[in-house]
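*Asks:* Its first residue numbered 0, the sequence shown is counted upward by one per residue in numbering that gives the first Met the number 0. Note that the Cβ used here is the ideal one computed from N, Cα and C, for glycine as well. Predicted, not measured: the structure shown is a model, and the values here were computed from it.
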Amino acid sequence: MRVAVGCDHGGLALKDVLCGVLKSAGVEVLDMGTGNEDSVDYPDFAAKVARSVTSGDADRGLAICGTGIGMSIALNKYPGVRAALCHDSFTARLSRQHNDANILVLGGRVLGQEVAADMVKQWLATPFEGGRHQKRLDKITQIERDICKG
Ligand code: RB5
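#1: DSSP three-state call for A73: helix, strand or coil?
#2: By DSSP, does C85 sit in helix, in strand, or in coil?
#3: Can you list, in chain order, the residues of its chain whose CB lies under 6 Å from that of G9, leaving out five sequence neighbours each side?
#4: Can you list, in chain order, the stretches of the beta strand (DSSP E) that have 3 or more residues and sit fully within the region 87-126?
#5: Across which residues does DSSP place P59 in a beta bridge pair?
#6: When you measure from the CB of C147 to every non-hydrogen atom of the ligand RB5, does any distance come out below 7 Å?
#7: Within the chosen definition, does the region 112-121 reach the region 10-18 through at least 3 CB pairs nearer than 8 Å?
#8: Under DSSP, the alpha helix (DSSP H) around V39 begins and ends at which residues?
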């Protein structure tokens, strides 16, 4: 599996930890930055992660800012992105089982490293359940199509 990872300055420390977690799990990491603590704008990095996932360059994405809120707002503007801002392992797991989330969003100033590492491991390992949940995702896709038609 290939995962695109992006963050702003508020997510940098956690991104570095989680890139290690992903690599240890045998995941190929596409690091989209940022790479230092200079203040940057999270939409720029959301765009890189979203485009990697929607183009198929990456199978999934991981995005981190201070709270995760800005990243999730920006990411979910992209048709085909299902970005889930999660706060614990339960929501990370359910975002896969019920929502087929293709991007996990975390708050670098919210989560401890061990909690975040466990969330990422569970998010990677949990399959989408399909069934009644697929019907709901189809409705989201239809909303995207309606909006794109203008
Ligand atoms: C940056 O200071 C901060 O606003 C950003 O990381 C994020 O929390 C926005 O939602």
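*Replies:* Looking at the atomic coordinates:
#1: helix
#2: coil
#3: Result list for G9: C64, G65, G107, R108, in chain order.
#4: 102-106
#5: Position check: residue 59 holds Arg in this sequence, whereas Pro was assumed. In the DSSP assignment, the residues bridged to R59 are V2.
#6: Not under cutoff, so the answer is no.
#7: yes
#8: Element bounds for V39: n/a, residue is neither H nor E.
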